[in-house]
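For reference, the structure discussed in these notes is given below.
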Amino acid sequence: MAKSGDEFKTQAEIDRDFQIYEASILRLKDMEELLNHFNTLGFWKDEKKIRSKLRDVTLIAEVEKEIESLKKKIIKKHGKKDLYKKNFSPTKRKHRKKKEFIVGDVPSPIDVVEEIPPRKNSRPLLDKLISLPRKSSANNKYEQEVKGAIGEGSGKPLVIDSSFSEEQEKERKKLVIERAKLESDKNKLSKKEGIINSNYAKYHDIPLSVDRYSYDKAQSREVISRLQKLYSKRGKGKLFGKITE
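Following this line, the structure appears as structure tokens:
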């Protein structure tokens, strides 16, 4: 019994599916971090809509388009400088000044609050993030497959956090368990298939051998009969004795 092409997946196909899903989860995490840094004042409905789709790996291309659209709206309303949230609110520091000495009075320090403006050369955190390194030529084919599965998006993916979050770790464990279960089911089905093939060959050969024997016997009797007639016509008697069944 031959198994169909879609009945089982090879180990390489299972590993490839796992890697694509893992890359999709990381891409969603990157977009979530990007959304967290946007100054979404006045666009809370758009933000809520995008966040509702950040748990579905099949909506990556759609989420990327909506994030790009939200980015343009924020720039149009607040300006490019206010695209991202302020990393830190204006800090305050204290200066201690002393009163002038007055006869009969003890000098005591007083607190003076002075605001410090943000530094002009400071940039939002995401402006300092670097892009992923280019793949080597040997991995170009795999890179194209991953991009085709999760969508290329409007730009290069960003490295925000290389460590797995707690949620990603749970997803990874689920995939490992599922893969082990699939392997177990595959082995069980392979054993059953072997038994079925063995039984099929065993019982299929019996009627074939009987039919072949009957056919050969009939052919032999026909040939002997023809030779007997030919020999009798020449007056030489019988070539063989009585043909038995």
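The sequence shown: position 126 = 202 (our numbering), numbered continuously.
In this text, a Cβ means the ideal position worked out from N, Cα and C, and glycines have one as well.
These numbers come from a predicted model, not from an experiment.
9 Å Cβ cutoff met for residue i and residue j
i, j, result
"Ile-101", "Gln-244", "yes"
"Leu-111", "Glu-98", "no"
"Lys-162", "Glu-142", "no"
"Ile-151", "Thr-116", "no"
Residue i versus residue j - alpha carbon distance
i, j, result
"Arg-127", "Glu-108", "7 Å"
"Asp-261", "Lys-268", "11 Å"
"Lys-246", "Arg-255", "14 Å"
"Val-299", "Ser-308", "14 Å"
"Ile-272", "Ser-266", "10 Å"
"Arg-131", "Gly-270", "42 Å"
"Ser-241", "Ser-274", "50 Å"
"Leu-251", "Ala-88", "15 Å"
"Lys-140", "Lys-257", "Correcting the residue identity first, residue 140 is Glu in this sequence and not Lys. Roughly 34 Å between the two C-alpha positions."
"Gly-155", "Ile-136", "27 Å"
"Lys-148", "Lys-157", "13 Å"
"Leu-303", "Arg-297", "10 Å"
"Ile-249", "Glu-144", "The question names Ile, but residue 249 is Lys in the sequence shown. About 33 Å."
One or two residues paired with residue i in a DSSP bridge
i, result
"Phe-114", "Tyr-160"
DSSP state of residue i mapped onto helix, strand, coil
i, result
"Leu-130", "coil"
"Gly-155", "coil"
"Pro-166", "Reliability of the predicted coordinates at Pro-166 is poor, the pLDDT of 40 falling under 50, and the value obtained from them is presented with this limitation in mind. Reduced to three states, the DSSP call for Pro-166 is coil."
"Ser-241", "coil"
"Phe-84", "coil"
"Phe-119", "coil"
Option nearest residue i by Cα separation, candidates the options
i, options, result
"Ile-253", "Phe-94, His-154, Arg-297", "Phe-94"
"Phe-84", "Tyr-160, Ala-137, Leu-104, Lys-264", "Lys-264"
"Lys-105", "Gln-87, Thr-86, Lys-129", "Lys-129"
"Phe-114", "Lys-153, Gln-304, Ser-301", "Lys-153"
"Leu-159", "Val-139, Val-299, Gly-118, Ser-266", "Gly-118"
"Asp-91", "Leu-306, Ser-274, Arg-302, Glu-259", "Glu-259"
"Trp-120", "Leu-146, Ile-96, Val-133, Lys-249", "Leu-146"
"Thr-134", "Lys-148, Ile-96, Glu-144, Lys-156", "Ile-96"
"Glu-138", "Leu-303, Lys-249, Arg-103", "Arg-103"
Residue-level contact to chain D via CB, residue i, 9 Å cutoff
i, result
"Glu-138", "Judged by its chain identifiers, the structure shown contains no chain D, having just a single protein chain."
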